[in-house]
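**Q** Those protein sequence lines, which keep their order, are chains W and Z.
Every letter in the first sequence is one number past the one before it in the numbering used here, and letter 138, counting from 1, is 138.
All you need for the numbering used here is the position in the second sequence, starting with 1, plus 172.
C-beta: ideal position from N, C-alpha, C; glycine also.
The structure's right below; bear with me while I get my questions together.
Protein chains: 2
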Amino acid sequence: MELPQELLKYSDAIDALRAIGRVRWAVMDVIGKQVAEQEDIPFDWFEVLIEIVEAPNERVKMTGLARLTLRSKSGATRLVDRLEKAGLVSRETSPEDRRAVYVALTDSGRALFERARAPIVEILIDRFAAHVSPKEARFITLALSKVLDANELKPIVAPLRPEEPSPAGALR
Amino acid sequence: MELPQELLKYSDAIDALRAIGRVRWAVMDVIGKQVAEQEDIPFDWFEVLIEIVEAPNERVKMTGLARLTLRSKSGATRLVDRLEKAGLVSRETSPEDRRAVYVALTDSGRALFERARAPIVEILIDRFAAHVSPKEARFITLALSKVLDANELKPIVAPLRPEEPSPAGALR
DNA sequence: GCGGAATAGTTGCGACTGCAACTAACCTGC
DNA sequence: GCAGGTTAGTTGCAGTCGCAACTATTCCGC
């Protein structure tokens with residue numbers, strides 16, 4: 001069961017990958033449940049609302065939403081289906097490209113976002129942000145970006161707001 | 173759409189949380205597909221084999237496996253069902269606690285593990301470990317452990333190998 | 001040792017997922 | 001101005017998930 005010595009020098013990285021998985025899973029699990037309980041909507045839904053509000057013009061294309069919410073195209077379709085059925089978002093086809101579908105907030109979606117934002121951000125801080133210093137956080141983001149770069153996955157992290165320069169984000 | 177100033181100081185942390193989500197998702201996605209293609213088994217399955225081999229006595233309890241693989245109890249049950257049906261692992265009830273079920277490798281499970289280990293580790297290095305320095309990796313693990321601690325989720329990261337002191341892990 | 005609480009694992013069920021196939025719209029070269 | 005390829009989004013389908021309810025075993029106070 002021994003592995004080549006050469007592997008030893010990677011074991012720290014593999015530990016880190018595991019830690020990432022666990023934090024992601026555990027923290028999201030806790031946050032998700034707390035949000036669902038307090039705000040009566042799944043955390044997924046709120047993530048969609050955030051992405052819309054943060055996007056230029058307050059609307060996102062389906063493909064962009066798929067990447068931002070870490071889903072496949074069909075996953076995004078169905079997620080938006082649910083939000084639309086609940087009356088929180090609406091689909092609008094753009095006149096420039098009639099294949100594209102933009103997702104925007106409805107009035108009731110905006111109202112829900114406004115109402116739920118503060119408590120949810122509080123949960124996020126309580127469960128995650130309060131325990132990592134800004135320096136640590138920036139370091140982590142930077143180090144992990146290299147990994148995304150190397151896998152040519154950078155598109156997922158940044159250039160996903162293709163049109164205008166982003167206004168002050170809704171969460172910061 | 174403005175948030176209280178006080179939030180600004182957490183925005184780095186929220187970025188980090190997003191980066192973590194993206195790395196976890198994107199890297200696992202890539203690794204998972206490459207493994208599935210090259211080795212003809214889902215990456216999930218290999219993770220189970222790793223956890224067994226790394227565990228003391230080369231066997232894990234269902235509950236432990238659930239936490240290690242980031243699943244619910246029922247998720248673990250079904251995952252093991254599949255591996256068992258494929259003849260890679262076997263369930264053994266322990267005489268000390270007749271509620272507990274231990275999962276162990278079969279001969280063919282061990283053979284598969286031995287055969288697939290090196291190529292899969294290579295993929296892991298190629299896609300992740302090679303792009304993070306050991307110092308960075310340790311820093312990340314450490315910082316994220318604080319988050320797990322604060323959420324009383326520490327059990328997930330370490331004391332999950334309750335019995336004997338762990339031998340040299342199978343991956344390092 | 002007995003009864004109630006806690007723990008380990010499995011199962012039924014509804015919900016969500018990604019893949020692959022599909023439609024519709026756009027784009028490019030000729 | 002049309003054929004072939006590409007891109008955006010949706011749908012059928014089979015696979016997986018977590019929750020809640022359930023059985024079986026163990027633990028604990030008395």
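1) Whole angstroms are fine: how far does the CA of E294(Z) sit from the CA of E209(Z)?
2) Comparing the C-beta of R22(W) with each C-beta of chain Z, is any distance below 8 Å?
3) Starting from L221(Z), trace the alpha helix (DSSP H) in both directions and tell me its first and last residue.
4) Ordered along the chain, which non-local residues of its own chain (more than five positions away) have a Cβ less than 7 Å from that of S94(W)?
5) Determine the burial state of G75(W): buried for a count of at least 16 other Cβ atoms within 10 Å of its Cβ, exposed for fewer.
6) Just list the residues that DSSP pairs T265(Z) with in beta bridges.
7) Restricting to Cα atoms, I'd like to know which of D15(W), K61(W), L148(W) is closest to R98(W).
8) Quick check on the burial criterion: 16 or more other C-beta atoms within 10 angstroms. Buried or exposed for R115(W)?
9) At what residues does the beta strand (DSSP E) containing V347(Z) begin and finish?
10) Using a Cβ-Cβ cut-off of less than 7 Å, list which residues of the stretch 292-318 of chain Z approach chain W; keep chain order.
11) Mind checking which residues open and close the alpha helix (DSSP H) that includes R115(W)?
12) Which bits of chain W does A188(Z) rub up against, with CB to CB less than 7 Å?
13) Between the Cα of L17(W) and the Cα atoms of K318(Z), V319(Z), I297(Z), D321(Z), which residue gives the shortest distance?
14) What's the call for E92(W), buried or exposed, on a 16-neighbour Cβ count within 10 Å?
15) Secondary structure at T249(Z), three-state DSSP: helix, strand or coil?
16) Taking 8 Å as the CB-CB cut-off, is L148(W) touching chain Z?
17) Under 7 Å between beta-carbons, which chain Z residues line up against N151(W)? List them in chain order, please.
18) Taking the alpha-carbon positions, what's the Q34(W) to R82(W) distance?
19) Flag this pair as yes or no: are the beta carbons of V304(Z) and A143(W) separated by less than 8 Å?
20) Taking the alpha-carbon positions, what's the I52(W) to R59(W) distance?
21) At a Cβ threshold of 8 Å, is A274(Z) touching chain W?
22) At 7 Å on the CB atoms, spell out the chain Z contacts of D12(W), in chain order.
**A** The structure says:
1) 14 Å
2) For R22(W), the answer is yes, since a Cβ of chain Z falls inside 8 Å of its Cβ.
3) 215-226
4) A100, Y102
5) exposed
6) V273(Z)
7) K61(W)
8) exposed
9) For residue 347(Z) there is no data in the structure shown, the boundaries of chain Z being 173 and 344.
10) V293, L296, I297, R299, F300, A301, H303, V304, P306, E308, A309, R310, F311, I312, T313, A315, L316, S317, K318
11) Annotation: the continuous alpha helix (DSSP H) that includes R115(W) extends over 107-127.
12) V132, A137, I140, T141
13) I297(Z)
14) exposed
15) helix
16) The C-beta of L148(W) comes closer than 8 Å to at least one C-beta of chain Z.
17) A198, V199, V202, R299
18) 20 Å
19) yes
20) 5 Å
21) According to the sequence shown, residue 274(Z) is Tyr rather than Ala. So, not an interface residue.
22) P306, A309, R310
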